[in-house]
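Input: a single structure, listed below in structure tokens.
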Amino acid sequence: MNFDKSVEFIEPNKINRDAPLFVYLPGMDGTGELLQTQADKLASCFDLRCLSIRTDSYSTWQTLAKDTIELIQIELTRKTNKEVHLCGESFGGCLALKTALAAPSLFDRLILVNPASSFNQFPILGLGVGITPWLPTWLHRYSAAGLLPFLAKLNRINDCDRVKLVESMKSLPPQVVSWRLSLLRDFKVADEQLRSLNIPTLIIAGAEDSLLPSVEEADKLISLLPTACKTVLPQSGHACLLETEIDLYDILVQENFIQPNRIAVS
166 MNFDKSVEFI EPNKINRDAP LFVYLPGMDG TGELLQTQAD KLASCFDLRC LSIRTDSYST
226 WQTLAKDTIE LIQIELTRKT NKEVHLCGES FGGCLALKTA LAAPSLFDRL ILVNPASSFN
286 QFPILGLGVG ITPWLPTWLH RYSAAGLLPF LAKLNRINDC DRVKLVESMK SLPPQVVSWR
346 LSLLRDFKVA DEQLRSLNIP TLIIAGAEDS LLPSVEEADK LISLLPTACK TVLPQSGHAC
406 LLETEIDLYD ILVQENFIQP NRIAVS
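Residue numbering for the sequence shown follows my numbering, beginning at 166 and increasing consecutively.
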């Protein structure tokens, strides 16, 4: 789908207008292509869309949220089923919160996977904002590979997905990486805003996240979001949806976010 903005939807599976819409907001790479490991099983009960953010985009949180809402509204005009599940991972978890707060009545479920909403609590991570734009291209590409052990539990990801993760990280110019890091550094949502968000919310946290304290952040969000619950993945890292042993569909069933017998009919 083309959209004259900084974002568009990609469809990892065949479109199914009769199934609930499942919208995935990606990590900082913004490609929207890293859900494929989970997509086939999710497609048994959802109509999947993955947000893709242009590699030259310098959009603010407000603009990204507005454009995402407009995309979803366009999709819903073509669907018989108006139910929407919004799922954000890492950077996308922050965007999911901004999007849900901007249009709470649009969403039936909210799923946050290792949301990066605690990034601004660690000033050392914000150093990348000033350093990254000055890196030569070769060093930028090398540093992307060097971050891999912090982003993922490599022994839990197959070789193909490991390559996809590295390539997605390399796809962004240094200046855009710096911009998106600055968005995370400046990310703020007031406690009273979170307390007003009555969307049933599931927070998924990797206990072995080497990048951010995702379990602690999940606990904080649970204390503020009125209808939130959490599940902790004891052996998982930050990019947990790429791990071969993690099945997002099964997690959603276990947490009563979907009915196991609800199968989408194409």
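Virtual Cβ for every residue (Gly too), placed ideally from N, Cα, C.
Residue i, buried or exposed, once every other Cβ within 10 Å from all chains shown has been counted against 16
i, result
"Ile-369", "buried"
"Val-328", "exposed"
"Ile-218", "buried"
"Arg-360", "exposed"
"Leu-304", "Low per-residue confidence applies at Leu-304: pLDDT is 43, beneath 50, and the placement is therefore not dependable, though the value from the model is reported in the following sentence. It is exposed - the Cβ of Leu-304 has fewer than 16 other Cβ atoms within 10 Å."
"Ala-281", "buried"
"Glu-357", "exposed"
"Ser-431", "Caution is warranted here: a pLDDT of 46 is assigned to Ser-431, below 50, making its placement in the model unreliable, and the coordinate value is therefore given only provisionally. Exposed, because fewer than 16 other Cβ atoms sit within 10 Å of the Cβ of Ser-431."
"Met-166", "Summary for Met-166: the model assigns pLDDT 41, below 50, so the residue's position carries little reliability; its value from the coordinates is reported in the next sentence. Exposed, because fewer than 16 other Cβ atoms sit within 10 Å of the Cβ of Met-166."
Unbroken beta strand (DSSP E) run spanning residue i, endpoints
i, result
"Ile-369", "366-371"
"Leu-319", "Premise fails: Leu-319 is in no beta strand (DSSP E) and is neither H nor E."
"Ala-261", "Careful: Ala-261 lies outside any beta strand (DSSP E), inside the alpha helix (DSSP H) at 256-267."
"Ile-276", "274-278"
"Leu-386", "Premise fails: Leu-386 lies in the alpha helix (DSSP H), 379-389, not in any beta strand (DSSP E)."
"Cys-394", "393-398"
Beta-carbon proximity list for residue i, same chain, < 7 Å, skipping 5 on both sides
i, result
"Glu-408", "Lys-318, Arg-321, Ile-322 and Ser-401"
"Thr-264", "Ala-230, Thr-233, Ile-234 and Leu-251"
"Thr-196", "Ser-217, Ser-333 and Ser-336"
"Asp-326", "Thr-202 and Leu-407"
"Val-397", "Ala-370, Ala-372 and Val-380"
"Lys-170", "Asp-232"
"Ile-180", "Asp-212"
"His-176", "It is Glu, not His, that sits at residue 176 in the sequence shown. Result list for Glu-176: Leu-213 and Arg-214, in chain order."
"Phe-284", "Leu-290, Leu-349, Arg-350, Phe-352 and Leu-377"
"Thr-245", "Arg-182 and Asp-183"
"Glu-410", "Arg-321"
"Leu-271", "Ile-234, Ile-237 and Val-249"
"Ile-416", "Ile-369 and Thr-396"
"Arg-243", "Arg-182"
Start and end residues, alpha helix (DSSP H) containing residue i
i, result
"Leu-417", "413-419"
Own chain, CB closer than 6 Å to residue i, minus 5 neighbours either side, in chain order
i, result
"Tyr-307", "Confidence in Tyr-307 is poor, its pLDDT being 43 and thus under 50, which makes the residue's placement too unreliable to answer from."
"Asn-178", "Ala-204, Ala-208 and Leu-213"
"Ala-383", "Ile-368, Ala-370 and Lys-395"
"Tyr-189", "Leu-200, Cys-215 and Cys-252"
"Leu-275", "Leu-251, Ala-265, Ile-364 and Thr-366"
"Phe-211", "Ala-184, Pro-185 and Phe-187"
"Gly-295", "Because Gly-295 carries a pLDDT of 46, less than 50, the predicted location of this residue cannot be relied on, and the following value inherits that uncertainty. Hits under 6 Å: none found."
"Pro-191", "Gly-197 and Gly-257"
"Glu-248", "Pro-185 and Asp-273"
"Ser-222", "Ser-171"
"Leu-241", "Lys-247"
"Ala-268", "Ile-234"
"Ser-224", "Ser-171"
Cut-off 8 Å between Cβ atoms - residues of its own chain near residue i, not counting five sequence neighbours on either side
i, result
"Trp-226", "Cys-259, Leu-260, Lys-263, Leu-348 and Phe-352"
"His-403", "Ser-255, Asn-279, Phe-315, Leu-316, Ala-317, Gly-371, Asp-374, Ser-375, Leu-376, Leu-377 and Ser-379"
"Thr-220", "Gly-195, Ser-336, Leu-337, Pro-338 and Val-341"
"Tyr-414", "Gln-203, Lys-206, Leu-207, Ser-209, Cys-210 and Ile-423"
"Glu-420", "Leu-367, Cys-394 and Thr-396"
"Asp-412", "Gln-203 and Lys-206"
"Pro-399", "Ala-372 and Glu-373"
Proximity test, Cβ basis, 9 Å: residue i and chain B
i, result
"Leu-349", "Considering every chain present, this structure includes no chain B. It has just one protein chain."
Restricting to runs no shorter than 4 residues, where is the alpha helix (DSSP H) found entirely within the region 169-250?
Entirely contained in the region 169-250, the alpha helix (DSSP H) runs reaching 4 residues are, in chain order, 201-207 and 226-241.
Examine the Cβ distances between the region 331-348 and the region 360-368 and report whether three or more of them are shorter than 8 Å.
Touching, no.
Are there three or more Cβ pairs, one per stretch, closer than 8 Å when the region 381-388 is compared with the region 180-200?
By the Cβ rule, the region 381-388 does not count as touching the region 180-200, because fewer than three pairs are nearer than 8 Å.
Just to confirm the assignment: which complete alpha helix (DSSP H) runs, minimum length 4, are found wholly within the region 323-367?
Within the region 323-367, the runs of alpha helix (DSSP H) that reach at least 4 residues and sit entirely inside it are, in chain order, 324-335, 339-351 and 356-360.
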